[in-house]
Amino acid sequence: MTVQDEANYEVYCLADRLFYDQPTRHAGESTDFAAAARAVPPGWAHESSDTWMYYAPEDVPLPAQGWKIHVSSRLEDAERVLDTVREFCESNRIAFKFLRSRNVLVLFNAKSAFRGSSGKLVTIYPDSDTRFEAVLAELDGLLRGVAGPYILSDLRYGDGPLYVRYGGFTERFCVSDNGERVLAIENADGTLVPDVRGPTFALPPWIQLPSFLEPHLAARAAVTTADLPYAIESAMQFSNGGGVYLGRDTRTGDQVVLKEGRPYAGLDVAGRDAVTRIRHERDMLARLAGLDAVPAVLDCFELGEHHFLVEEFVDGNPLQRLLVHRYPLTHPDPEPEKLAEYVEWALGMLAQVSAAVDALHERGVVFGDLHPENILVTAEGRLALIDFEVATLTEDAARSSLAHPAFSAPPDRVGTEVDRYALACLHLGMFAPQATITTRFDPGKARQIAAYAAEVFPLPPGALDESVRVIEGAEPGPSRMSGLPLPGVSPWDDLRAALRTSILASATPDRDDRLFPGDIAQFLPGGGISIAYGAAGVLYALSATGAGRFPEHEDWLRKHALTPADGAALGFYDGLHGVAYVLAELGHRQDALRIVERCLAMPADAAELGLHGGLAGIGLALLHFRADLGIGPALSVVDQVADRLGGVTDVPEISGGDHPRAGLMFGSAGPALLFLHAYEQTGDLGLLDRAEIALRQDLRRCIRAEDGTVQVDQGWRTLPYLDEGSVGIALVLERYLRHRPDEELGEMLARLRAVTRSAFFVQSGLYTGRAGMLLAAEPSGADALVRGLGWHAVPCGDGLAFPGDQLLRLSMDFATGTAGVLFALGSALHGEPVRLPFLAGPEDPDATGHSSSDDPSKEV
1 MTVQDEANYE
11 VYCLADRLFY
21 DQPTRHAGES
31 TDFAAAARAV
41 PPGWAHESSD
51 TWMYYAPEDV
61 PLPAQGWKIH
71 VSSRLEDAER
81 VLDTVREFCE
91 SNRIAFKFLR
101 SRNVLVLFNA
111 KSAFRGSSGK
121 LVTIYPDSDT
131 RFEAVLAELD
141 GLLRGVAGPY
151 ILSDLRYGDG
161 PLYVRYGGFT
171 ERFCVSDNGE
181 RVLAIENADG
191 TLVPDVRGPT
201 FALPPWIQLP
211 SFLEPHLAAR
221 AAVTTADLPY
231 AIESAMQFSN
241 GGGVYLGRDT
251 RTGDQVVLKE
261 GRPYAGLDVA
271 GRDAVTRIRH
281 ERDMLARLAG
291 LDAVPAVLDC
301 FELGEHHFLV
311 EEFVDGNPLQ
321 RLLVHRYPLT
331 HPDPEPEKLA
341 EYVEWALGML
351 AQVSAAVDAL
361 HERGVVFGDL
371 HPENILVTAE
381 GRLALIDFEV
391 ATLTEDAARS
401 SLAHPAFSAP
411 PDRVGTEVDR
421 YALACLHLGM
431 FAPQATITTR
441 FDPGKARQIA
451 AYAAEVFPLP
461 PGALDESVRV
471 IEGAEPGPSR
481 MSGLPLPGVS
491 PWDDLRAALR
501 TSILASATPD
511 RDDRLFPGDI
521 AQFLPGGGIS
531 IAYGAAGVLY
541 ALSATGAGRF
551 PEHEDWLRKH
561 ALTPADGAAL
571 GFYDGLHGVA
581 YVLAELGHRQ
591 DALRIVERCL
601 AMPADAAELG
611 LHGGLAGIGL
621 ALLHFRADLG
631 IGPALSVVDQ
641 VADRLGGVTD
651 VPEISGGDHP
661 RAGLMFGSAG
671 PALLFLHAYE
681 QTGDLGLLDR
691 AEIALRQDLR
701 RCIRAEDGTV
711 QVDQGWRTLP
721 YLDEGSVGIA
731 LVLERYLRHR
741 PDEELGEMLA
751 RLRAVTRSAF
761 FVQSGLYTGR
771 AGMLLAAEPS
781 GADALVRGLG
791 WHAVPCGDGL
801 AFPGDQLLRL
811 SMDFATGTAG
821 VLFALGSALH
831 GEPVRLPFLA
841 GPEDPDATGH
851 SSSDDPSKEV
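Letter 726 of the sequence shown, counting from 1, is numbered 726 in UniProt numbering, and no numbers are missing.
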């Protein structure tokens, strides 16, 4: 399994206020279930992770795949379920696993949780189809009366808490149609294919449903909307709590909205499920009936245990969508009149929202979840607030139990102050979207954000003063930002020292899973040592930018790299080949070679093609070590990538299909970079041709926007970023054009890079944020990007740090956090500008340490 598949970022916010961490390292009282602490019986194998506890009898071979049983449970029944199932499985010697804690169970069933795995408390792995049927029958009797969320990916057995699905028992992998390495099962021909785990029950086409399950499938199919007076036309939105559907009242022909509540699912921090909140919303809307800013309640009903609320359809767009469409700073070089036009529109919207909130308060209701997605604006100008699931009464002086993190009030705000705080965040957020989330680390950031907004936009004097006062509090103390160096303001030496201070202060050399806090991906096997998310990337950034060498931390990396965790990835940015590269750069070449030799002895199981974790990155690493290994291993990888990538008109394994991935880290630009380096070492013009083909595969996944920029088109969004966006392609295209100038591609390069002149990016990170823009920016645009990083900087101890992906916690890693920002700043401010591995100019000593101007034949 992967961290991202099995959990969400909120799980990793449980243990620490500043950093993502394993939920098992919870602060305060343990929330582990009692079953997790019981002794492992003799003859049983046991493994634990941050979310699951695994048990298997050592003398019973586990099939690679088959029918698995899931047990669902609400929190009140969880201990009973675990006691019953554990005793049953141990007595019958059947492998099983269960969620280890109450906190994890709540978060797996939360509104934002992944719908495909929600509801699962226990998974049971029968070792044969015969036992599968018997286990279901016996457990069905043992678990009578247990209630839990419906597991959407499975078929329900009877009317109890048991569900079934055919899938993998052990971890095997294949490459999916869009080039990602995914969990796999074997089809009828023995070929590994993706083990699809979606929010609907589906049988693999070669598997027949056991006859004893046919009545249960028929019962599932019998629940339909045929007898309702509403026709469902489309799904507007899904969450783990249920769907929101656009429908039509067949009696009147009017369009309506139907909100679904799934029992025991979609939990909020107060433990309320979606059904409870649906009922609560009905009551609140009834109290607010007649207000123009509130949809009218039309009906409510129950279908197949799910509850539905029928509301008036407000034919408008969310304010968030309008903001994204209008916001001028996402485009390069916005004209002054565009800025003025936006200010007029934004201030008008804010006045309407304020009036709507005042109207609610006059009726004694606190909205509790005010943010741009919950504000609809019609073409006629009507503004309506939606989603009253967590609204409270003003007299209760309560707090919301489920709120957007960028608009969530601090603990000292209750009642109407909760809405006033969110409204203040909205005022700042209209001019610096999502930036207010940084105020959770330091309320003084509000003043800084307002100053930036006033500097960029022609705002009336003092337009944001009241919002700053509300966010800071009635008696604000000094901002923790005071006296700290900021990008674009302080000298490079001071800024670098501030980033180094926060990174070093966060180090935990006593831990084995990670040295520096970063993204949740560091908790995958080997992630804590990798370049992207682990110690290798942090130490590489510190050394490359002149921030220092730290032998004690290098020793930690050496120790854990030479004895990596089982299942550690082999790739360049996510795995061992990248760690070897960094160790060699730090002077530990013999350690590096031992790691590379270990990697060569291991099969690259279902390797992707990309640079981040696939064959392109592995091939580049092997080229780097060609003086020790010879060039043969690298060219073997080059051949594999060339065979799988196809031609310019083919549908390749990446940069193709219905859901393509493009760009430097996950698209065809990574293989193009590999071909370029192989050409530079061999002089084989065919490899230069291959590089062009790969680049054109990525370019065909791009779209030209109205502002003239070219960005990767993913169908539902466009991406400018380093990992899967336009600037990553630009870095490789620039290197290609130095070998083979091309007027058409040269123009494309300029358009790919143009997005770096935009003034706003939600995140700061190297992979998917402003820092990555710096690596591709023209020198003339670097200053603005450097200064813009101040939007994201927050104090951390005596230093300065940056939020990671999702902005919920700080990160020190290379891909998402402070080390990556430090490295990007080094590309613009360091005396010897740094470049990503393998992306130095071909006329200079390249990242492999050799000059490409030498005779290529001498390198072979």
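The C-beta atom is built at its ideal place from N, Cα and C for all residues, glycine as well.
| Query | Result |
| --- | --- |
| Could you name the residues of the same chain whose beta carbon sits closer than 6 Å to that of S72, not counting the 5 residues immediately before and after it, in chain order? | G119, G148, P149, I151, P161 |
| Taking G216 as the reference, give the member of T170, F238, D59, D159 with the closest Cα. | In the sequence under discussion, the amino acid at residue 216 is His, which differs from the Gly named in the question. Closest option to H216, Cα to Cα, is D159. |
| What residues are listed by DSSP as bridge partners for A801? | V794 |
| Is the region 505-522 touching the region 806-825, taking contact as three or more C-beta pairs under 8 Å? | yes |
| Would you report the Cα separation of T276 and N109, rounded to the nearest angstrom? | 14 Å |
| Answer with buried or exposed for Q806, where buried requires no fewer than 16 other C-beta atoms within 10 angstroms of its C-beta. | buried |
| Here's a check: name, in chain order, each residue in its chain whose Cβ is nearer than 7 Å to the Cβ of A828, leaving out the five neighbours to either side. | L774, A782, V786 |
| Just grab the DSSP bridge partners of A56 for me. | A45 |
| Using DSSP bridges, identify the partner residues of Y230. | D249 |
| Do you know offhand how far G198's Cα is from D465's? | 47 Å |
| Taking only three categories from DSSP, how would you classify S176? | coil |
| Looking only at its chain, what residues have a beta carbon closer than 8 Å to the beta carbon of S780, apart from the 5 residues adjacent to it on each side? | none |
| Could you pull out every residue in the same chain whose Cβ sits closer than 8 Å to the Cβ of A379, ignoring the five residues on either side in sequence? | D315, G316 |
| Helix, strand or coil: which one does DSSP assign to S117? | coil |
| Just how far apart, CA to CA, sit V122 and E47? | 15 Å |
| Would you please state the rounded distance, in angstroms, between the beta carbons of L583 and D591? I believe it to be under 8 Å. | 5 Å |
| Look at the alpha carbon of R17 and the alpha carbon of F441, and state the distance between them as a whole number of angstroms. | 9 Å |
| With C-beta atoms as the reference, is A621 less than 8 Å away from A580? | yes |
| Hey, out of E734, D195, F212, P210, whose CA is closest to P204's CA? | D195 |
| Flag this pair as yes or no: are the beta carbons of E260 and H306 separated by less than 8 Å? | yes |
| Output needed for L687: all residues of its chain with C-beta closer than 6 Å, excluding positions within five of it in sequence on either side, in chain order. | F675, A678, Y679 |
| Going by beta-carbon coordinates alone, are H830 and T545 separated by less than 8 Å? | yes |
| Applying the criterion that 16 or more other CB atoms from any shown protein chain within 10 Å of the CB defines a buried residue, is M748 buried or exposed? | buried |
| If you run the structure through DSSP and keep just helix, strand and coil, what is L18? | coil |
| Can you confirm whether the region 716-727 touches the region 743-762 when touching is taken to mean that 3 or more C-beta pairs between the two stretches lie within less than 8 Å? | yes |
| Just to confirm my understanding: we take A36, look at its own chain, exclude 5 residues before and 5 after, and list those with CB closer than 6 Å. What are they? | M53, R100 |
| Taking only the alpha-carbon atoms, compute the straight-line gap between R594 and H560 and give it to the nearest angstrom. | 13 Å |
| With burial defined as no fewer than 16 other Cβ atoms inside 10 Å of the residue's Cβ, what is the status of N187: buried or exposed? | exposed |
| Using the C-alpha atoms, what's the distance from L836 back to D707? | 29 Å |
| Could you pull out every unbroken alpha helix (DSSP H) segment of at least 4 residues lying fully inside the region 495-548, listed in chain order? | 535-544 |
| Helix, strand or coil, according to DSSP, for K259 in the structure here? | strand |
| In angstroms, rounded to a whole number, what distance separates the CA positions of F19 and V256? | 43 Å |
| CB A406 to CB V470, shorter than 8 Å? | no |
| Following the continuous beta strand (DSSP E) through V310, name the residue where it begins and the one where it ends. | 306-312 |
| Which residue wins for smallest C-alpha separation from L609, given the options V60, I531, G667, G548? | G667 |
| Please list, in chain order, all residues of the same chain as V11 whose beta carbon is under 6 Å from its beta carbon, the five residues on each side excluded. | P23, L107 |
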